[in-house]
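Student: Under my numbering, think of the first position of the sequence shown as 3, with each following residue one higher. Glycine is no exception: its CB is placed at the ideal position from the N, C-alpha and C atoms. Provided herewith is a single structure, encoded as structure tokens, for subsequent inquiry.
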Amino acid sequence: MKTIVPKISSSLSKMWNKVLTLNNSLFPALKEELRLEELSHKEQKLISILDFAQIEKNITVVSITNTPKDREEIARAFIAKSVYNFQTTRDLIDRLHCDRVLRIVCGWRYKNDIPSESKFSRVFKELSEMQIAQKAHEQFVKEYLSDKTFFYNAIDSTKIPLRQKPVKIKKEKPKLKKRGRPKKGEIREPIRPTILEQQQEMQSVEEKLTLVSTDCGVGIKQNSKGNREIWIGAKLHISAVDGDIPITAFYSGANVHDSSVALPLMQETSKRVNYLYDLQDAGYDADIIREFSTTLGHRPIIDTNPKNSKELKAKIELIEHENKTFKYLNWHLNCDEQHYKQRSMVERVNKYLKDDFGCDKIYYQGATKVASVLAFGILSICIHKSLQLVT
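Given below as structure tokens:
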């Protein structure tokens, strides 16, 4: 513990100093300019997130006339859309017209300066293609959280229903194989490796993600009550650490299995921050995932899938065979169970994203735009929850 404490204090001091600057200089200056007695809690929250996000730094367009008009203001407005929990761009524009404080914080002094809804849509497409929110999120983690050591990294996915048709997947009918051994001289096609097996041979995160589809699909998942849910749309795979802070998030189609994104999530999160334990549910119960986590220097704690119960019994028998008592085994499993309870933090991030940061209903279409809407929400949650560590 002695080696962890200095890292925590050094990593948070920079954030704390900036919070003090906000409280002592920016907030009073804004109140004076806006002729207000006091900023509301929501307004202070938005100003803090905007100041830490510094999203303007990522809006760079190579042209003779610098950055086109309204790009920075619209980018800030989409962060406001998440913080104020607006579901549509129309709701955001209506609020900008009637809320003077929000309008000035985003960068427009007068109502007539606010762009039309069609311009908001065009600019949002540009911001999505440039992955502005994803870059701002990565930059914030790198600047303020990279030298902090966390205990837990919890991974899970959440369903994202969309209003579009799923992409049909053409499946080749497998050739019927005769039972038994092949005839002399007969050559049979080798069994195609799974996505996990293919990712195991790849080095970079980008390579691993090329095997993950982002097309709209049909998802089937068992909820916490044991009921089967079917939806059309996508999934957001989130990696969250202590304090309910989302560090990494990847977008995929709804028909992608959770385990297919486990390796790139762990690898990317390990690049961004330091942590000790990988916590995952039964959907990630695979030896490849455990070995990959161990290779990265972490300890995997993954719930057992009932389909793999035979493998669990074999492991217990192996431990007994090595003269390790049941008492030690029970203590070991109980410790893992206590650690595993911390996995609920990623489920809380899913809740914040949908209930508090404008991602309950998404009306955009196309993987790039939908992923960008979710990324603005993840960016806002990450900064908000990080600030709660120091305030």
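#1: Do P266 and L355 come within 8 Å of each other at the CB atom, strictly closer than that value?
#2: Would a C-beta distance cut-off of 8 Å place I249 and V351 closer than the cut-off?
#3: Can you check whether the CB of K237 is closer than 8 Å to the CB of S254?
#4: Heavy atom of the ligand NAP less than 7 Å from the Cβ of G299, yes or no?
#5: Rounded to a whole number of angstroms, what is the C-alpha to C-alpha distance between K170 and G219?
#6: Helix, strand or coil: how does DSSP classify E131 here?
#7: Are the segment 73 to 82 and the segment 44 to 58 in contact at 8 Å, needing three or more beta carbon pairs?
#8: Determine the closest residue to Q205 out of E270, N225, S215 and F252, with distance taken between C-alpha atoms.
#9: In three-state terms, what does DSSP make of L381?
#10: Three or more beta-carbon pairs under 8 Å between the segment 366 to 382 and the segment 274 to 292, yes or no?
#11: Looking at the secondary structure, which residues open and close the beta strand (DSSP E) in which D280 lies?
#12: So, at 8 Å on beta carbons, what are the nonlocal neighbours of E2 in its own chain, with the 5 sequence-adjacent residues on each side left out?
#13: Sort out for me which residues DSSP pairs L213 with in a bridge.
#14: Spatial neighbours of A284 within its chain, please: CB distance less than 7 Å, with the 5 preceding and 5 following residues excluded, ordered by chain position.
#15: I157 and Q282 look like a contact to me (Cβ under 8 Å); what is the Cβ gap, rounded to whole Å?
#16: Between P302 and the rest of its own chain, which residues show a CB-CB distance below 6 Å, the 5 nearest in sequence each way excluded?
#17: Is D246 buried or exposed, if buried means 16 or more other CB atoms sit within 10 Å of its CB?
Tutor: So, from the data block:
#1: As a first step, residue 355 must be located in the sequence shown, where it is residue number 353. As a first step, residue 266 must be located in the sequence shown, where it is residue number 264. Their beta carbons are not under 8 Å apart, which means L355 does not touch P266 by this criterion.
#2: Along the sequence shown, one-based indexing puts residue 249 at 247. Along the sequence shown, one-based indexing puts residue 351 at 349. Cβ distance not < 8 Å, so I249 and V351 don't count as in contact.
#3: Counting from one through the sequence shown, the residue named residue 254 turns up at place 252. Counting from one through the sequence shown, the residue named residue 237 turns up at place 235. For S254 and K237, yes; Cβs fall inside 8 Å.
#4: In the structure shown, the ligand NAP is absent, as is every other ligand, since no ligand is present at all.
#5: Here the question's residue 170 lines up with position 168 in the sequence shown. Here the question's residue 219 lines up with position 217 in the sequence shown. Distance between K170 and G219, taken at the CA atoms: about 8 Å.
#6: As a first step, residue 131 is located in the sequence shown; it is residue number 129 there, counting from the start. The answer is helix: DSSP assigns E131 an H, G or I state.
#7: yes
#8: Taking the first residue of the sequence shown as 1, we reach residue 205 at position 203. The residue with the shortest Cα to Cα distance from Q205 is E270.
#9: One-based indexing of the sequence shown puts residue 381 at position 379. In the structure shown, L381 sits in a helix (DSSP, three-state: H, G or I).
#10: These segments do not touch.
#11: As a first step, residue 280 is located in the sequence shown; it is residue number 278 there, counting from the start. N276 to Q282 is the span of the beta strand (DSSP E), which, as asked, contains D280.
#12: Residue 2 lies beyond the stretch modelled for the chain, which goes from 3 to 393, so this question has no answer here.
#13: Taking the sequence shown and counting its residues from 1, the one referred to as residue 213 is at position 211. The beta-bridge partner set that DSSP reports for L213 is empty.
#14: Numbered from 1 along the sequence shown, position 282 holds the residue referred to as residue 284. Result list for A284: D305, T306 and N307, in chain order.
#15: As a working note, residue 157 is residue 155 in the sequence shown. As a working note, residue 282 is residue 280 in the sequence shown. The Cβ separation is near 5 Å, so the contact holds.
#16: Indexing the sequence shown from 1 puts residue 302 at position 300. Correct list, in chain order: D280, R292 and S295.
#17: Locating residue 246 in the sequence shown gives position 244, where the first residue counts as 1. Answer is buried; the Cβ neighbour count reaches 16.
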